[in-house]
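According to this note's numbering, the sequence shown holds residues 167 to 498 in order.
Beta carbons: idealized from backbone N, C-alpha and C, even for Gly.
If you're wondering where the values come from, they're calculated on a predicted model, not measured in any experiment.
Only one structure is covered here, and it is reproduced in the block below.
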Amino acid sequence: MSFEDYSGIWVFIEVKDGEIVPVSLELLGAGKELADKRGTELAGVLIGENVTHLADTLYEYGADTVYVYDDTIFKNYRTESYMKALLECCQKHKPEVILYGATSTGKDLASAVATDLPTGLTADSTILDIEKDTGLLLASRPAFGGNIMATILCKKYRPQMATVRPKVMKALTPEPGRRGQLIEETASIKEEDIRTKVLEIVQFTTQKVRIDEADIVVAGGKGLGSEKGFQVVHDLAETLGAAVGASRDVVEAGWVEHHHQVGQTGLTVTPKIYFAIGISGAIQHIVGMQNSGLIIAINNDPEAPIFQSSHYGIVGDAFEIVPLLIQQFKQV
Ligand code: FAD
């Protein structure tokens, strides 16, 4: 099968509240490495309303070209309109690779585009590489409960597509004044063709700091015994201005909501400091926090696996240790 017509690494640029979502800039960093290795160009696909000016930022973060669909029809994300724009853009310009952030929007759009093109899609990738000569994308992700890394290939179709977890790739240092090529596109879709309407956007802001954006995450596990026991996690987080994280067992017990969950079926976090309190250290949890700058575990079992993934370990009862830490931090 010949893929000679396909070239270029593309990144779907997600925009929220008028700003580029950080994972899109991270993907431009990852995409630039792939593009350089392959000797091809890096492009961003920008879809939204009043978004054209954001292209300047994309050039500074590595994009050579920006395809822009700027129209009121794209004011809010809707699968049908965004998919139509991206499909048409793919059919016209034939990229070799498209990367999306593994956010709810990125996952929804990528799977819709993959189905309609059709092509393959590697979900939740954490490592990306490309074969220099063939252009085959090597997208790897944890599999079998995080016990192995699986590299997934799409040999028969183009473009090759992957969603990539936020905070795994690194954005380039922006080059102020770097410029690229703007290609303005229009999609052949009308409002009456779209079956969904956005009636209201409800912000979900029960916690002050999002765990995947926080510098410090204080996470608690089932070892805290109950929702009442889990309060020590909230208290320490409050003292440090940190976000609250949790293991899956805590979420399943209903002590906190799912958007606090760290791990394979939760969020990946890379804060500067991660506290794991009463968390055993199951691999499915570790994959979501192992790239944190400093990991501090508190557990009353000296053999708990969490200590193997921690920089500092405190063996003892969380209900004795955490209040002491709070007391000390309050004095700083
Ligand atoms: P436990 O394993 O019960 O550990 C509690 C710990 O607390 C123990 O180490 C104990 O020694 C300690 N402890 C007890 N009392 C105290 C005390 N007083 N002071 C200090 N320490 C104490 N898990 C996730 O977290 N995130 C995921 O995304 C995730 N995805 C999964 C996906 C799949 C497909 C599967 C199969 C599992 C997944 N899990 C996930 C579940 C995971 O395997 C573990 O079951 C879970 O992480 C365990 O949670 P825990 O550490 O809070 O509880």
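Backbone CA spacing between residue i and residue j [nearest angstrom]
i	j	result
residue 486	residue 177	48 angstroms
residue 303	residue 219	31 angstroms
residue 308	residue 411	21 angstroms
residue 492	residue 221	45 angstroms
residue 215	residue 344	24 angstroms
residue 427	residue 464	18 angstroms
residue 254	residue 353	7 angstroms
residue 261	residue 175	6 angstroms
residue 336	residue 198	11 angstroms
residue 298	residue 203	6 angstroms
residue 200	residue 497	48 angstroms
residue 182	residue 401	31 angstroms
residue 519	residue 213	Shown here, the chain extends from 167 to 498; a query on residue 519 therefore has no answer.
residue 313	residue 360	42 angstroms
residue 239	residue 356	8 angstroms
Beta-carbon contacts of residue i that lie in its chain and below 6 angstroms, excluding the five residues immediately before and after
i	result
residue 230	207, 208, 346
residue 420	none
residue 288	305, 318, 328
residue 241	215
residue 350	234
residue 321	none
residue 171	260
Own chain partners of residue i with C-beta closer than 7 angstroms, once the 5 adjacent residues on each side are dropped
i	result
residue 406	382, 384, 495
residue 280	286, 287, 327
Test item: CB-CB of residue i and residue j under 7 angstroms
i	j	result
residue 436	residue 466	no
residue 377	residue 460	no
residue 451	residue 476	no
residue 338	residue 228	yes
residue 482	residue 473	no
Counting Cβ pairs closer than 8 angstroms, one from the region 436 to 449 and one from the region 387 to 406, do we hit at least three? yes
Counting pairs of Cβ atoms below 8 angstroms between the region 257 to 273 and the region 329 to 340, do you hit three or more? yes
For the ligand FAD, which residues count as neighbours when the test is a C-beta closer than 5 angstroms to any heavy atom? 387, 388, 389, 413, 414, 415, 429, 430, 431, 432, 444, 445, 446, 448, 450, 451, 465, 466, 467, 470, 483, 484
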